[in-house]
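Chemist: Encoded as structure tokens, here's the structure I'll be asking about.
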Amino acid sequence: MEEQIKSMQEEAMQELKQVKEQKELNEIRVKFLGKKGKLTAILRGMGALSKEERPRIGSLANEVRDTIENIIQEKEIYFERQAMEEKLEKETIDITLPSKKIRTGSKHPINRVIEEIEDIFVSMGYDVMSGPELETDEYCFERLNLPKGHPARDMQDSFYITEEYLLRTQTSSVQARTMMANKEKTPIRMICPGKTYRREDDATHSHQFGQVEGLVIDKDITLAHLKGTLEEFVKRMLGENLQLRFRPSYFPFTEPSYEVDVSCFKCGGKGCNLCKQTGWIEILGSGMVHPHVLQMNGYDPEKYSGFAFGTGLDRLAMFKYGITDVRLLYTNDVRFLNQFNRKDVD
Ligand code: DAH
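Residue numbers for the sequence shown follow the numbering used here, so the first one is 1302 and each next one is one higher.
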């Protein structure tokens, strides 16, 4: 039997030497080591062996099985590698082929405007703050000198969610939040760009729009600071040669209050369709922080004064980029948005 096993091993080795394809390996495995294979067939005769011989033949059979199996496995690995190498060889990349165009997104004009405003004010030492869009009546109105029933609430049609919560109608709410959050009541210099909401649904207004708020509180802040700051801001944002005009106005949280017009950047002030022949375009609301607002939010109006301003991001973006329809800012037409993907847009 030993002879049989050895000659079977020899036969297997011969066959293994001639193997040319991976699938032949498995055939050899089945033929020699499988359940119906040659080794099993030989070992069936074990019963006829003496007790002494059985373990010896058993271990010889195991050895032979392992040897054959190892060679098969080695060859399998070899064939796999070879197949992989062949594949890699065939799949070499032709780097001279023209590539597919990669489409990149573009920055939305409103985000561009926000970033620019932030850069301007951060360079003047302002912090950039944010506040919740789902706001309380307290912060959106009451702490800004607009108690319940105040007629000026009608200036802003609001989306109330409950009696107490609404979608903020103005980023001015962040003025009150910043003052209240400042426990030490130290000076404040902040802007807050963000989304605002009003119940408007005509062709020129969107129910969601963007605003940026500014607030400065310190000792001895005067109207001159407000004028100087806004002049710097508007000129850097829209053009060096523009004129500013302060018109007295009314906002409940500022006293005195001003609306700020800028000389029409399309016609230079001569009068055109953009400025409705007036030569001026209204761009900002502003004023000196009302003493009552300071007081309500923990600042002593005898010691501190401040100015505030607010402006619409959508209008700024429209002016800056010559966009004529506000809806373009919100309908995400890629033909429109792609135009802001160019280096020369800034
Ligand atoms: N919140 C005002 C609005 O939405 C804009 C505004 C006006 C903000 C005057 C201010 C301000 O901070 O001082 O119409």
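Virtual Cβ for every residue (Gly too), placed ideally from N, Cα, C.
Spatial neighbours of LYS1599 within its chain, please: C-beta separation below 7 Å, excluding the five flanking residues on both sides.
Modeler: Looking at the sequence shown, residue 1599 is not Lys but Gly. MET1480, MET1481, LYS1486.
Chemist: Output the boundary residues of the alpha helix (DSSP H) element that contains GLU1436.
Modeler: Counting along the chain, GLU1436 falls outside any alpha helix (DSSP H), though it belongs to the beta strand (DSSP E) covering 1435-1437.
Chemist: Determine the contact status of TRP1581 and ARG1616, defining contact as a CB-CB distance below 8 Å.
Modeler: No, they are not a contact pair.
Chemist: Quick check: does the Cβ of ALA1453 come within less than 7 Å of any heavy atom belonging to the ligand DAH?
Modeler: No, the beta carbon of ALA1453 sits no closer than 7 Å to any heavy atom of the ligand DAH.
Chemist: Could you have a look at ILE1652 and say whether DSSP puts it in helix, strand or coil?
Modeler: Residue 1652 lies beyond the range of the chain shown here (1302 to 1647); nothing can be said about it.
Chemist: Tell me where the beta strand (DSSP E) around ALA1609 begins and ends.
Modeler: 1606-1613 is the extent of the beta strand (DSSP E) around ALA1609.
Chemist: Could I get the ranges of all uninterrupted beta strand (DSSP E) runs contained in the region 1441-1517, with 3 residues as the minimum, in chain order?
Modeler: As far as the region 1441-1517 is concerned, its whole beta strand (DSSP E) runs of at least 3 residues are 1466-1468, 1489-1498.
Chemist: Classify GLY1586 as helix, strand or coil using the three-state DSSP reduction.
Modeler: Three-state result, GLY1586: strand.
Chemist: Beta carbon of ALA1609: closer than 7 Å to some heavy atom of the ligand DAH?
Modeler: At least one heavy atom of the ligand DAH is nearer than 7 Å to the Cβ of ALA1609, so yes.
Chemist: Can you tell me whether THR1523 sits near the ligand DAH, meaning its C-beta is under 7 Å from at least one heavy atom of the ligand?
Modeler: Checking every heavy atom of the ligand DAH against the Cβ of THR1523, none is found closer than 7 Å.
Chemist: Are ILE1492 and ILE1584 closer than 8 Å when you measure CB to CB?
Modeler: Going by C-beta atoms, ILE1492 is not nearer than 8 Å to ILE1584.
Chemist: In terms of alpha-carbon separation, which member of VAL1513, GLU1439, HIS1409, LYS1449 lies closest to ASP1428?
Modeler: Ranking the options by Cα distance to ASP1428, first place goes to VAL1513.
Chemist: Is it the case that the Cβ atoms of GLU1465 and ASP1438 are separated by a distance below 8 Å?
Modeler: Contact flag set, yes.
Chemist: Got a sec: is the Cβ-Cβ distance from PRO1399 to anything in chain C below 8 Å?
Modeler: Among the chains in the structure shown there is no chain C, since it carries only a single protein chain.
Chemist: Report the option in GLU1387, SER1474, MET1425 whose CA atom is closest to the CA atom of LEU1527.
Modeler: Of the candidates GLU1387, SER1474, MET1425, the one whose C-alpha sits nearest the C-alpha of LEU1527 is MET1425.
Chemist: I'd like the list of long-range same chain contacts for VAL1537, defined as Cβ closer than 7 Å, with 5 residues on each side in sequence excluded.
Modeler: A quick correction: the sequence has Arg, not Val, at residue 1537. ILE1421.
Chemist: Which residues does DSSP list as the beta-bridge partners of VAL1563?
Modeler: VAL1563 is bridged to LEU1545, ILE1582.
Chemist: Please tell me whether VAL1594 and LEU1467 are closer than 8 Å, where the distance is taken between their beta carbons.
Modeler: Taking 8 Å as the Cβ cut-off, VAL1594 and LEU1467 do not qualify as a contacting pair.
Chemist: Since LEU1531 is in the alpha helix (DSSP H), which residue starts that stretch and which ends it?
Modeler: Residues 1524-1539.
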